[in-house]
Amino acid sequence: MKLNERSLAFYATCDSPADNAGFLYKRGERHTAYHRRWFVLKGNMLFYFEERESREPVGVIVLEGCTVELCDSAAEFTFAIRFGGAKSRTYVLAAESQAAMESWVKSLSRASFDYLRLVVRELEKQLEEMRGGPAGGRGGCWQPPGSWKPKPSGPERSPERLPALPAVLPKENGCAVWNNVPGVDRSPDTSGCGGHDGEGNPRPPPLPPRRRASSSEAGSAGVAAAESPSIFCRLHERYGQEVARLRQDWLDRRRGPQ
Numbered sequence: 001m002k003l004n005e006r007s008l009a010f011y012a013t014c015d016s017p018a019d020n021a022g023f024l025y026k027r028g029e030r031h032t033a034y035h036r037r038w039f040v041l042k043g044n045m046l047f048y049f050e051e052r053e054s055r056e057p058v059g060v061i062v063l064e065g066c067t068v069e070l071c072d073s074a075a076e077f078t079f080a081i082r083f084g085g086a087k088s089r090t091y092v093l094a095a096e097s098q099a100a101m102e103s104w105v106k107s108l109s110r111a112s113f114d115y116l117r118l119v120v121r122e123l124e125k126q127l128e129e130m131r132g133g134p135a136g137g138r139g140g141c142w143q144p145p146g147s148w149k150p151k152p153s154g155p156e157r158s159p160e161r162l163p164a165l166p167a168v169l170p171k172e173n174g175c176a177v178w179n180n181v182p183g184v185d186r187s188p189d190t191s192g193c194g195g196h197d198g199e200g201n202p203r204p205p206p207l208p209p210r211r212r213a214s215s216s217e218a219g220s221a222g223v224a225a226a227e228s229p230s231i232f233c234r235l236h237e238r239y240g241q242e243v244a245r246l247r248q249d250w251l252d253r254r255r256g257p258q
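Going by UniProt numbering, the first residue of the sequence shown is number 1, and it counts up by one from there.
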């Protein structure tokens with residue numbers, strides 16, 4: 001696997017939060033002597049520097065496909081990072097205290113994406129069990145507490161029930177027209193608001209006029225708009241006057257005293 005050294009150096013020294021950081025003693029690959037290095041763990045990458053103030057890391061360990069375990073050594077508080085394979089290198093590290101060693105072992109064991117994948121699978125399994133209920137596998141839907149509502153007893157009809165909409169809504173000028181349901185006749189609403197129809201069902205708000213309309217349809221739409229101006233027009237006129245007044249005040253201040 002090829003890694004960009006400049007990108008790694010920037011990522012190691014940038015201001016992104018580290019999962020763990022501190023001094024560890026690293027045993028050399030050829031010589032068994034331990035060298036004190038500053039280690040920084042970010043994601044699944046373990047960087048180590050010669051000093052804490054160093055601007056470039058000496059090396060990096062990609063923590064994928066490895067195991068972190070305690071090992072027997074002459075030094076105290078030692079642990080090893082082992083990779084699978086005959087020619088893979090084993091990194092032997094030593095902490096300065098028992099608490100630091102336990103903290104590093106825990107952080108390194110949870111750094112790989114394999115561990116995160118196992119955690120996600122376990123969470124998904126628990127979520128499916130919560131949705132399925134005690135029986136499980138029934139396709140039930142979990143609802144938060146307080147969302148349950150008792151069913152009305154008797155043939156009482158709920159006033160909030162809406163007529164069934166088709167699977168694919170008809171479109172006008174490329175936009176879905178949600179109140180143009182086939183088989184449902186509605187009288188045109190001239191009140192400017194939704195309201196209810198004769199059966200008590202809530203009526204949707206009026207549609208804007210078509211952009212491609214014939215002369216007769218455009219005339220009828222203009223008459224309807226003239227008879228009952230929409231709420232949007234009233235709001236537009238109200239805030240338009242306020243904007244015009246503010247603009248005039250700004251122009252007067254810009255001109256200064258005459």
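Just so it is clear, CB atoms sit at the ideal spot from N, CA and C, and this is done for glycine as well. The model shown is predicted, which means the values in this text are computed figures rather than measured ones.
Give a yes or no on whether the C-beta atoms belonging to TYR25 and ALA94 are separated by under 7 Å.
Taking the sequence shown and counting its residues from 1, one reaches residue 25 at position 25. Taking the sequence shown and counting its residues from 1, one reaches residue 94 at position 94. Taking 7 Å as the cut-off, the beta carbon of TYR25 is found closer than this to the beta carbon of ALA94.
My understanding is that LEU46 touches LEU70, with C-beta atoms under 8 Å, so please give their C-beta distance in whole angstroms.
For the purposes of this step, residue 46 is taken as residue 46 along the sequence shown, with counting starting at 1. For the purposes of this step, residue 70 is taken as residue 70 along the sequence shown, with counting starting at 1. Contact flag wrong, Cβ pair sits at about 17 Å.
Identify the continuous alpha helix (DSSP H) that holds LYS26 and give its terminal residues.
Translated into the one-based positions of the sequence shown, residue 26 becomes position 26. Unbroken run through LYS26 is the beta strand (DSSP E), 20-27; no alpha helix (DSSP H).
Where the alpha helix (DSSP H) through VAL120 begins and ends
As a first step, residue 120 must be located in the sequence shown, where it is residue number 120. Run containing VAL120: 113-132, per the alpha helix (DSSP H) assignment.
Within 10 angstroms of its Cβ, does CYS66 collect 16 or more other Cβ (buried), or is it exposed?
Mapped onto the sequence shown, residue 66 falls at position 66. Buried is the call here.
The alpha helix (DSSP H) that contains GLU69, what's its start and end?
Numbered from its first residue, the sequence shown carries residue 69 at position 69. For GLU69, no alpha helix (DSSP H) segment is defined; the enclosing uninterrupted segment is the beta strand (DSSP E) at 66-70.
Roughly how many angstroms lie between the CA atoms of ARG117 and TRP250, to the nearest whole one?
The sequence position of residue 117 within the sequence shown is 117, counting from 1. The sequence position of residue 250 within the sequence shown is 250, counting from 1. Rounded to the nearest angstrom, the gap between the Cα atoms of ARG117 and TRP250 is 59 Å.
So what does THR32 bridge to, in DSSP terms?
Counting from 1 along the sequence shown, the entry for residue 32 is found at position 32. The partner list for THR32 (beta bridge, DSSP) is empty, contrary to what the question assumes.
Pairing CB atoms from the stretch 97-108 with CB atoms from the stretch 50-59, are three or more of them under 8 Å?
Flag = no, the stretch 97-108 and the stretch 50-59 do not touch.
Counted within 10 angstroms of its Cβ, other Cβ atoms place PHE113 as buried (16 or more) or exposed
If you number the sequence shown from 1, residue 113 lands on position 113. That one is exposed.
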